[in-house]
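Heads up: the sequence shown at position 203 corresponds to 277 in the working numbering, and the numbers run straight through without jumps.
Backbone N, C-alpha and C fix where the C-beta goes; we use that ideal spot for every residue, glycine too.
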Amino acid sequence: MPDLITLTIPKEASGERLDKWLSLQATLGLTRSAVQSCIKEQKVLVDGNPVNKNYRVDVGKTVTIEMPEPIPLEIVPENIPIDIIYEDDDLLVVNKPKGMVVHPAPGNYTGTLVHALLYHCGDRLSGINGVIRPGIVHRIDKLTSGLLMVAKNDAAHIGLSAQIEAHTFTREYHAVCIGHMKDQSGTINTPIGRHPVDRKKMAVTYKNSKPAITHYEVLEEYKGYSYLKLRLETGRTHQIRVHLSSIGHPILGDDVYGKPFKGIDGQCLHAARLGFIHPTSHEYMEFTSTLPDYFEEVLRKISLR
């Protein structure tokens, strides 16, 4: 039996092109061209009837899509240098460079951290997250640099994931944001969920969301900018970027939740500290990563303004 998914058009999407709206639904994971192919093959029905790709949706209409068969993905290990801060039989701590994608995804099927890990570790990675994300306990964005945890076996993966769920994982970030914070330190405690219109983005919302808590401290102020230290109590997708943008201080260079900045590609955000209890020895371990060159250069530029 084909995999059928049924969606109801929300009020905010009324009048939008069907192919565009479907391509933004994270639950489908389909590109716009893939959606158009499904529409052409009459695998997309609106209230039980086939439509064309130019069809504009109406609120309350029911859309049923017959999902295409997934294409098997074979991940071939790649000899890509990675900066390993720590390694033992259970785990690795990796210092990910800005610009590297953590695991394969549409548009990034090669050159990811997973490809590099498979070359370095072979089959010594946990399998809990499947073939696409072996060993990956948590992620950081492509354009965020810094420390990342990798599990070599399922027992380590389970133990580390439990600490994340219990909010006992230490995750400290450094960032440069636009403007000056009202207070020198504080906490942003607002829930985060999928953006109601742009499904590729996250947003502060009280509908279909999860609690999100970010603690911040101002390390330095410059003309028009602030250099911050942030600690995550929870780990929602894009949490720091969404939280800072929601209070009017988007991260410098964030062209999704703020504005691009000439001279850097993407947000000025670095995962600087990572701490956890080792799943086997039960000892607390903590690692730090110095600011990368791009971050230091940003601080130099804004200090001269």
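Between residue i and chain C, is there a C-beta pair that is closer than 7 Å?
{"i": "S235", "result": "As a matter of chain content, chain C is missing from the structure shown, which is built from one protein chain."}
Looking only at C-alpha atoms, which of the options sits nearest to residue i?
{"i": "I79", "options": "L96, V118, T138", "result": "T138"}
{"i": "E357", "options": "D77, G233, L373", "result": "G233"}
{"i": "S88", "options": "I206, V131, L192", "result": "V131"}
{"i": "I149", "options": "M174, F350, T186", "result": "T186"}
{"i": "T362", "options": "V372, Y368, H344", "result": "H344"}
{"i": "Y368", "options": "G267, P171, T288, M223", "result": "P171"}
{"i": "I321", "options": "L378, Y247, G260", "result": "G260"}
{"i": "L217", "options": "K275, D329, M223", "result": "D329"}
{"i": "L173", "options": "I159, I158, E152, I214", "result": "Just to set this straight, residue 173 is Gly in the shown sequence, not Leu. Comparing Cα-Cα distances from G173 to each of I159, I158, E152, I214, the minimum goes to I214."}
{"i": "D339", "options": "R379, S219, Y290", "result": "S219"}
{"i": "L227", "options": "I158, G196, Y247", "result": "The amino acid occupying residue 227 in the given sequence is Asn; Leu does not appear at that position. Nearest C-alpha to N227: G196."}
{"i": "L102", "options": "G122, E140, L293", "result": "E140"}
{"i": "K275", "options": "Y290, E291, S319, T136", "result": "S319"}
{"i": "L365", "options": "M359, A346, R374", "result": "A346"}
{"i": "M255", "options": "V292, P151, P142", "result": "V292"}
{"i": "M359", "options": "P142, M223, Q341, E370", "result": "M223"}
Alpha carbon to alpha carbon, how far is residue j from residue i? Give it in angstroms, no decimals.
{"i": "I252", "j": "S300", "result": "7 Å"}
{"i": "I262", "j": "H323", "result": "12 Å"}
{"i": "K333", "j": "L326", "result": "7 Å"}
{"i": "G349", "j": "S107", "result": "43 Å"}
{"i": "M75", "j": "N128", "result": "With a pLDDT of only 47 at M75, under the threshold of 50, the placement of this residue in the model should not be trusted, and no figure is reported."}
{"i": "N126", "j": "R273", "result": "22 Å"}
{"i": "D417", "j": "G134", "result": "Since the first residue shown for the chain is 75 and the last is 379, residue 417 is missing from the structure and cannot be characterised."}
{"i": "L119", "j": "L302", "result": "49 Å"}
{"i": "E307", "j": "E295", "result": "24 Å"}
{"i": "H312", "j": "I351", "result": "25 Å"}
{"i": "V372", "j": "R268", "result": "30 Å"}
{"i": "V167", "j": "Y160", "result": "5 Å"}
{"i": "T105", "j": "L81", "result": "17 Å"}
{"i": "Y331", "j": "V250", "result": "14 Å"}
{"i": "I376", "j": "I83", "result": "45 Å"}
{"i": "H248", "j": "R91", "result": "40 Å"}
{"i": "I156", "j": "P124", "result": "49 Å"}
{"i": "T136", "j": "D121", "result": "5 Å"}
{"i": "D77", "j": "K117", "result": "11 Å"}
{"i": "E370", "j": "F243", "result": "26 Å"}
{"i": "A190", "j": "I158", "result": "11 Å"}
Report all residues from its chain with a CB closer than 8 Å to the CB of residue i; omit the five preceding and five following residues, and keep chain order.
{"i": "P265", "result": "V278, T279, Y280, S283, K284, P285, A286"}
{"i": "A230", "result": "D164, L165, S200, P353, T354"}
{"i": "V188", "result": "I149, V176, H177, P178, I206, R207, P208, G209, I210"}
{"i": "H317", "result": "I262, T264, I266, V278, A286, T288"}
Can you round the beta-carbon distance between residue i and residue j to whole angstroms, since I take them to be within the 8 Å contact cut?
{"i": "R245", "j": "R305", "result": "7 Å"}
{"i": "G386", "j": "H212", "result": "Because the chain here runs from 75 to 379, residue 386 falls outside it and cannot be looked at."}
Starting from the C-beta of residue i, find all residues in its chain whose C-beta is less than 7 Å away, skip the five residues before and the five after it, and write them out in chain order.
{"i": "E86", "result": "P270, V271"}
{"i": "F335", "result": "L326, G327"}
{"i": "N169", "result": "D157, I159, G220, L221, S363"}
Suppose the cutoff is 6 Å on Cβ atoms and the five residues either side in sequence are ignored; what does the same chain contact list for residue i look like?
{"i": "R379", "result": "K297"}
{"i": "N153", "result": "Y193"}
{"i": "R393", "result": "Residue 393 is absent from the structure shown; the chain starts at 75 and stops at 379."}
The stretch 238 to 246 contacting the stretch 172 to 188, beta-carbon criterion three pairs below 8 Å: no
Do the stretch 110 to 124 and the stretch 82 to 97 make contact, defined as three or more Cβ pairs closer than 8 Å? yes
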